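Counting in UniProt numbering, the final residue of the sequence shown is number 159, and the numbers go up one at a time with none missing. Please read the structure below before turning to the comments.
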Amino acid sequence: MAQNYVIMARKNLLKPNEAPKYYAVARSGKKVSVKEVCKRITERSSYSKGELEGCIGEFLLEILNVLEEGNIVQMGDLGNFRMSLKTGTPTVTEKEFKAYCIEKGKVLFHPGSDLQKLCKAMDFTLYKSDSKPDSKDDESLPDGGGSDPDDGESPDPTL
C-alpha cells in the first residue's frame with residue numbers, strides 16, 4: 001500500500017523574503033486504537049483481546065519505568081526509545097548550570113531495521129479529495145486537520 005501525501009507551500013522563516021517552496025507532507029488516514037489492533041491480532045492468533053490489551057498496558061508501563069531509570073528501551077527490530085532534554089537557559093560556565101535551566105524532557109524514538117526497510121520500500125501517492133470534509137471529521141484524523149506545534153509540520157490545507 002502507498003503512503004498518501006499532499007503538497008504544501010512553506011516559507012523559510014530564516015529567509016522571509018524568499019518565495020515559499022513546495023514540500024510533500026504525509027497524509028494520515030484514520031487513527032487505529034489499541035483495541036482495534038488487539039482485535040486484528042485476535043483474529044489471526046490464539047490470544048484473547050483482553051490478554052493482548054493487558055500485555056500492552058503492562059508493556060507500556062514497563063517502558064515508562066525503564067525510561068524513568070534513565071535507560072534506553074531496545075525493542076529489537078522495532079527500534080529504541082530514549083530520553084532527550086531541551087535546555088531552555090544555557091549558561092556560560094558549568095558551575096552556573098542548574099536543573100531549572102532544563103526546559104523539558106522528551107522521548108525520542110529511533111526506528112529499527114524493520115521500520116527502516118518499510119520506509120525505503122514505500123510507494124507514494126498524491127492524495128486528492130473529491131470533497132472537503134467538515135470540521136468534525138478533521139478532529140478524527142491523527143493530525144487533526146491542524147498542526148502540532150512540536151512536530152514542525154504545517155496544517156494540511158486540503159482537509
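In this text, a Cβ means the ideal position worked out from N, Cα and C, and glycines have one as well. Remember, predicted model here, so these are calculated numbers, not experimental data.
Residue i: buried (16+ other C-beta within 10 angstroms of its C-beta) or exposed?
{"i": "residue 133", "result": "Here residue 133 scores only 48 on pLDDT, less than 50, and its place in the model is too uncertain to base an answer on."}
{"i": "residue 118", "result": "exposed"}
{"i": "residue 25", "result": "buried"}
{"i": "residue 64", "result": "exposed"}
{"i": "residue 92", "result": "exposed"}
{"i": "residue 14", "result": "exposed"}
{"i": "residue 126", "result": "exposed"}
{"i": "residue 60", "result": "exposed"}
{"i": "residue 55", "result": "exposed"}
Can you give the beta carbon distance from residue i to residue j, rounded, assuming they're within the 8 Å contact cut?
{"i": "residue 12", "j": "residue 27", "result": "With a Cβ gap of about 23 Å, residue 12 and residue 27 do not count as contacting."}
{"i": "residue 124", "j": "residue 107", "result": "The pair is not a contact, with the Cβ atoms about 28 Å apart (cut-off 8 Å)."}
{"i": "residue 111", "j": "residue 79", "result": "4 Å"}
{"i": "residue 178", "j": "residue 86", "result": "Given that the chain is displayed from residue 1 to residue 159, the structure contains no residue 178 and the question cannot be resolved."}
{"i": "residue 42", "j": "residue 33", "result": "Not confirmed; about 14 Å, so no contact."}
{"i": "residue 23", "j": "residue 10", "result": "6 Å"}
Would you mind reading off the limits of the alpha helix (DSSP H) that contains residue i?
{"i": "residue 94", "result": "It is not in any alpha helix (DSSP H) - residue 94 carries neither H nor E in the DSSP assignment."}
Can you list, in chain order, the residues of its chain whose CB lies under 8 Å from that of residue i, leaving out five sequence neighbours each side?
{"i": "residue 105", "result": "83, 84, 85, 86"}
Closer than 6 Å by C-beta to residue i: which residues in its own chain qualify, once you throw out the five before and the five after it? Chain order, please.
{"i": "residue 38", "result": "49, 52, 53"}
{"i": "residue 122", "result": "3"}
- Continuous alpha helix (DSSP H) assignments of at least 4 residues falling wholly in the UniProt domain "HU" (1 to 125): 34 to 44, 49 to 68, 113 to 121
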